[in-house]
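As numbered in the working numbering, the sequence shown has no gaps in its residue numbers, which increase by one up to the final residue, 1573.
The beta-carbon is built from N, C-alpha and C at its ideal position, and this holds for glycine as well.
Predicted model only: the values in this text are computed from it and were never measured.
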Amino acid sequence: PWVRVNAYLIYDTADWKDLNLKFVLQVFRDYHLTQDEQYLKDMWPICQTVMETELKFDKDGDGLIENSGYADQTYDGWKVTGPSAYCGG
C-alpha cells in the first residue's frame, strides 16, 4: 500500500500495551461529557474485557504493565523495559 518509504518506523500495533487502555479512558471521557447512561451500559462489557485482557502484560502481579524492551506502546519510537508510567505505571 505504500508508494514511497517514509521515515516512520512501522511496528505491530497489535502489540501496543497501552492502546486498548486508551479506549477505556475515551469511554470514560465520553460518558463524563454526555452523561449518557445507556452508552456507559453498552460500553461497560467491552471495557471489562479490555481491562481483563491487559492483565497479561503485568508479568509480576504488581499492577503495572511491564514493557518488553522494544517499542511495544503508543510512544512507538521509545524502547522501554520494565514498568513505565506511559503504560499505566
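- Item | Residues sharing a beta bridge with E1550, DSSP | Reading the sequence shown from its first residue, position 66 is the one you call residue 1550. The partner list for E1550 (beta bridge, DSSP) reads P1567.
- By the 10 Å Cβ neighbour count, where 16 or more other Cβ atoms means buried, how is L1591 classified, buried or exposed? The displayed coordinates of the chain run from 1485 to 1573. Any statement about residue 1591 would go beyond what the structure contains.
- Item | Outcome for F1507 when other beta-carbon atoms lying within 10 angstroms are tallied against a minimum of 16 | Translated into positions along the sequence shown, residue 1507 becomes position 23. Classification for F1507: exposed.
- Query: Could you check where the alpha helix (DSSP H) with Q1522 kicks off and where it finishes?
  - Reply: Working through the sequence shown from its first residue, we reach residue 1522 at position 38. DSSP places Q1522 inside the alpha helix (DSSP H), whose first and last residues are 1521 to 1538.
- Inter-residue Cα distance where the pair is E1538 and K1501: What you label residue 1538 is simply residue 54 of the sequence shown in a count that begins at 1. What you label residue 1501 is simply residue 17 of the sequence shown in a count that begins at 1. Cα-Cα distance, rounded: 7 Å.
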